[in-house]
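Chemist: For reference, the structure I am asking about is given below.
Right, dumping it as structure tokens:
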């Protein structure tokens, strides 16, 4: 594992890492699944974490054995309807949706001159950052619409390092989903997983909660795993 002193940048996922936006995504997709007559399950909900809009739709259609029932144009319309649902749901988002410890951690990163980037599959992330009053922390945001592949492919985290003008080994990526951890690892960056130990077992460092993410804790974990 990279030495902590060599780390110069942090690349964040958004949903479930910075804010509780994942619940709004789930609600919006649940509405689409209901419209399509696809049974909504916990495993389906969990499978949608961290992946792109179109990949999420394909997963829902496959769960209902409906993957061949719609044209590409119809699928695009369904994805757009999901996004409309989502935008309506996040209309009332505020700083209460921030996860514990994240504002303090971002402040600490800035105080120590670390570079910061957002690598979210959500095309709405700039809107959300603005609503949460976090835009100033993220001068660099990966545009998912310009990527060829979504998570778990490493492209989004490779692009994040490029935006920061850093080598992959100089970056730490933070995720709450297995697909995201796979993406970080594939990019050659140090991965931090937040949440279930078993689900995120591939992460280099694991924290059960965002409130545990501090520079001191990260440094200690990297020394232990060195």
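Residue numbers (this note's numbering): 14 to 239. Note that beta-carbon positions come from the ideal geometry of N, C-alpha and C, so glycine has one too.
By the three-class DSSP mapping on this structure, what secondary structure does residue 155 have?
Modeler: One-based indexing of the chain shown puts residue 155 at position 142. In the structure shown, residue 155 sits in coil (DSSP, three-state: anything other than H, G, I, E or B).
Chemist: Whole angstroms is fine: what's the gap from residue 106's alpha carbon to residue 131's?
Modeler: Counting from 1 along the chain shown, the entry for residue 106 is found at position 93. Counting from 1 along the chain shown, the entry for residue 131 is found at position 118. If you take the alpha carbons of residue 106 and residue 131, they lie about 19 Å apart.
Chemist: Less than 7 Å between C-beta atoms, sequence neighbours within five positions excluded: which residues of the same chain meet that for residue 33?
Modeler: Within the chain shown, residue 33 is the residue found at index 20, counting from 1. So the qualifying residues of the chain are 110, 112.
Chemist: With a Cβ-Cβ cutoff of 8 Å, do residue 239 and residue 14 count as a contact?
Modeler: Taking the first residue of the chain shown as position 1, residue 239 is located at position 226. Taking the first residue of the chain shown as position 1, residue 14 is located at position 1. It is a contact, given that the beta carbons lie within the stated cut-off.
Chemist: Tell me the DSSP secondary structure of residue 61 in three-state form.
Modeler: The sequence position of residue 61 within the chain shown is 48, counting from 1. If DSSP states are grouped into helix, strand and coil, residue 61 belongs with coil.
Chemist: Please return the same chain residues whose Cβ sits closer than 8 Å to the Cβ of residue 180, not counting the five positions on each side in sequence.
Modeler: As a working mapping, residue 180 is identified with position 167 in the chain shown. Only 174 meet the Cβ criterion.
Chemist: Nearest by alpha-carbon distance to residue 155: which of 28, 122, 171 is it?
Modeler: Position 142 of the chain shown holds residue 155. Comparing Cα positions, the closest option is 171.
Chemist: Threshold first: 4 residues or longer. Then list the alpha helix (DSSP H) segments lying entirely within the segment 25–53, N to C.
Modeler: With a minimum length of 4 residues, the continuous alpha helix (DSSP H) runs that stay inside the segment 25–53 are 35–49.
Chemist: So the candidates are 86, 99, 153, 168; which of them puts its Cα closest to the Cα of residue 137?
Modeler: One-based indexing of the chain shown puts residue 137 at position 124. Comparing Cα-Cα distances from residue 137 to each of 86, 99, 153, 168, the minimum goes to 99.
Chemist: Report the CB separation of residue 187 from residue 23 in whole angstroms; it is logged as a contact under 8 Å.
Modeler: Against the chain shown, residue 187 aligns to sequence position 174. Against the chain shown, residue 23 aligns to sequence position 10. At roughly 7 Å, the Cβ-Cβ gap stays under 8 Å, so residue 187 and residue 23 are in contact.
Chemist: Please name the residue in 178, 161, 193 whose C-alpha comes closest to that of residue 27.
Modeler: Start at 1 with the first residue of the chain shown, and residue 27 comes out as number 14. Considering only alpha carbons, the answer is 193.
Chemist: Between residue 196 and residue 166, is the Cβ-Cβ spacing less than 8 Å?
Modeler: Residue mapping note: residue 196 aligns to position 183 of the chain shown, counting from 1. Residue mapping note: residue 166 aligns to position 153 of the chain shown, counting from 1. A contact, by the Cβ cut-off of 8 Å.
Chemist: Under the three-state reduction of DSSP, which class applies to residue 226: helix, strand or coil?
Modeler: Locating residue 226 in the chain shown gives position 213, where the first residue counts as 1. Coil at residue 226, not helix or strand.
Chemist: Can you pull the DSSP bridge partners for residue 204?
Modeler: The sequence position of residue 204 within the chain shown is 191, counting from 1. For residue 204, which the question treats as bridged, DSSP gives the partners 186.
Chemist: At what residues does the beta strand (DSSP E) containing residue 131 begin and finish?
Modeler: Along the chain shown, read from residue 1 onward, the residue named residue 131 stands at position 118. Residue 131 -> beta strand (DSSP E) spans 128–131.
Chemist: Span of the alpha helix (DSSP H) holding residue 169?
Modeler: As a position in the chain shown, residue 169 is number 156, starting the count at 1. Counting along the chain, the alpha helix (DSSP H) containing residue 169 begins and ends at 168–176.
Chemist: With distance defined between alpha-carbon atoms, name the residue in 124, 163, 190, 223 nearest to residue 21.
Modeler: Translated into positions along the chain shown, residue 21 becomes position 8. With distances taken between Cα atoms, residue 21 lies closest to 124.
Chemist: Since I believe residue 64 is in contact with residue 163 (beta carbons under 8 Å), could you give me their beta-carbon distance rounded to a whole number of angstroms?
Modeler: Start at 1 with the first residue of the chain shown, and residue 163 comes out as number 150. Start at 1 with the first residue of the chain shown, and residue 64 comes out as number 51. Confirmed, about 6 Å.
Chemist: With distances taken from CA atoms, which of 95, 204, 176 is nearest residue 226?
Modeler: Position 213 of the chain shown, counted from the start, is the residue given in the question as residue 226. Nearest of 95, 204, 176 to residue 226, Cα basis: 204.
Chemist: What is the DSSP secondary structure of residue 199, reduced to helix, strand or coil?
Modeler: The residue labelled residue 199 in the question sits at position 186 within the chain shown. Residue 199: helix per DSSP, three-state reduction.
Chemist: Express the C-alpha separation of residue 118 and residue 126 in angstroms, rounding to a whole number.
Modeler: Taking the first residue of the chain shown as position 1, residue 126 is located at position 113. Taking the first residue of the chain shown as position 1, residue 118 is located at position 105. If you take the alpha carbons of residue 126 and residue 118, they lie about 12 Å apart.
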